[in-house]
């Protein structure tokens, strides 16, 4: 992995961290519909390597990358009905695993197992990270929104029935469940892994659905219970807000990406909500080692925005090429 320049974090006299942004530098992976896997550098919007995959493996990607995930020394490339496992240092392919359905994400309950979820199929696929092999698939049913891992447990949002399911990876059984507000889509662990934050999309942009504003739910893990559920917005058109992502930060905030902007929720007060940025957000990430947010915006052209601080103040904004299918910040 190419070395990066890290932002030095200093604590000021107030509660807001001070970020030394002198000459910051970033690397990222960008996938295109050509299909290519580019290594890019910011600032400057420069292409360091035009196709890392082809350079490392001697042949192009078989299909456009739909999403990417980095875990320890493995880079996961999600393709239609398959996943590629690359060495994160050399980018050489270690395995190409064919799956029963297209992958939508992956969770890691431990260092040796990865559970890929298939949203529309309502299934989980187990990957052995020691042997780089597909092991088996588990039918969960319904429609999986997202999955978060804590210890040996997978916490699964099931959209159709609007439940949180607790899947024990030791017994491979659903051991508990909890009803949630309509259509729970996104999930994030709160600092310390004793609580979950779940974002339910409500009616979203479904004009045929009964109007329901999106809601944020705070959930205690042991014992499993709903602590509080709050509407994300009280604006007149809040039922039409399209949710696109959720992250939590060590300073007890949750950030919800939407088509209307970035909402910050104070988890300590369990309900203080503020619209901090008005971007049409397609995806978002939080990098705790750098204290940064990365945003991929919708629209033409798509924008990459890097921000910091509790109000997500922009550090850098740059246009991305047309045909961008996925993006991954490199730590």
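Residue numbers (the working numbering): 171 to 501. Glycine residues also receive a C-beta, built at the ideal position from the N, C-alpha and C atoms. Everything numeric in this text was worked out from a predicted model, so none of it was measured.
Item to complete: Identify the continuous alpha helix (DSSP H) that holds residue 222 and give its terminal residues.
Response: Boundaries of the alpha helix (DSSP H) harbouring residue 222: 222-227, taken from the DSSP string.
Practice prompt. Would you please state the rounded distance, in angstroms, between the beta carbons of residue 497 and residue 466? I believe it to be under 8 Å.
Written response: So it is a contact: roughly 5 Å between Cβ atoms.
Worksheet item: Under 9 Å between the Cβ atoms of residue 287 and residue 317?
Response: By the CB criterion at 9 Å, residue 287 and residue 317 fall inside the cutoff.
Worksheet item: In terms of DSSP beta bridges, what is residue 411 paired with?
Response: Answer is none; residue 411 lacks a bridge partner.
Practice prompt. Return the bridge partner residues of residue 206 from the DSSP annotation.
Written response: In DSSP, residue 206 forms a bridge with 202.
Worksheet item: Is residue 435 buried or exposed, if buried means 16 or more other CB atoms sit within 10 Å of its CB?
Response: Classification of residue 435: buried, given that the 10 Å Cβ count is 16 or more.
Discussion item. Just to confirm my understanding: we take residue 241, look at its own chain, exclude 5 residues before and 5 after, and list those with CB closer than 6 Å. What are they?
Written reply: Hits under 6 Å: 278.
Practice prompt. Tell whether a beta-carbon distance below 9 Å holds between residue 440 and residue 400.
Written response: Yes, these two residues count as a Cβ contact at 9 Å.
Discussion item. Suppose you measure from the CA of residue 499 to the CA of residue 471; what does that come to, to the nearest Å?
Written reply: A straight-line Cα-Cα distance of about 19 Å links residue 499 and residue 471.
Discussion item. Which residue wins for smallest C-alpha separation from residue 235, given the options 218, 214 and 204?
Written reply: Nearest of 218, 214 and 204 to residue 235, Cα basis: 204.
Fill in: Whole-number beta carbon distance between residue 450 and residue 469, since they are thought to touch under 8 Å
Contact flag correct, Cβ pair sits at about 6 Å.
Discussion item. Using C-beta distances below 6 Å, list every residue in its chain close to residue 571, excluding the 5 sequence neighbours before and after it, in chain order.
Written reply: Examination of residue 571 is not possible in this model, given that the chain is present from 171 through 501 alone.
Worksheet item: Roughly how many angstroms lie between the CA atoms of residue 321 and residue 361, to the nearest whole one?
Response: One C-alpha to the other measures close to 14 Å.
Item to complete: Assign residue 343 to buried or exposed, taking buried as 16 or more other Cβ atoms, counted over all protein chains shown, within 10 Å of its Cβ.
Response: Of the other Cβ atoms in all chains shown, fewer than 16 fall within 10 Å of the Cβ of residue 343; this residue is therefore exposed.
Practice prompt. Tell me whether residue 430 is buried or exposed, calling it buried when 16 or more other Cβ atoms sit within 10 Å of its Cβ.
Written response: It counts as buried.
Worksheet item: What separation, rounded to the nearest whole angstrom, lies between the Cα atoms of residue 445 and residue 418?
Response: One C-alpha to the other measures close to 15 Å.
Practice prompt. Using only alpha-carbon positions, find the residue among 309, 312, 338 and 304 that is nearest to residue 319.
Written response: Closest by alpha carbon: 338.
Item to complete: For residue 385, name the three-state secondary structure that DSSP assigns.
Response: Strand, per DSSP.
Item to complete: Would you mind sorting residue 492 into buried or exposed? The rule is 16 or more other CB atoms within 10 Å of its CB.
Response: That one is exposed.
Fill in: Endpoints, the beta strand (DSSP E) within which residue 463 is located
Run containing residue 463: 462-467, per the beta strand (DSSP E) assignment.
Item to complete: Enumerate in chain order the residues of its own chain whose CB-to-CB distance from residue 233 is below 7 Å, with the five nearest sequence positions on each side excluded.
Response: Counting only Cβ-Cβ distances below 7 Å, and skipping sequence neighbours, we find 205, 249 and 250.
Worksheet entry | For residue 348 and residue 396, the rounded distance between their alpha carbons | Roughly 8 Å separates the two Cα atoms.
Worksheet item: Which residues share a DSSP beta bridge with residue 287?
Response: Among the bridge pairs identified by DSSP, residue 287 is matched with 275 and 294.
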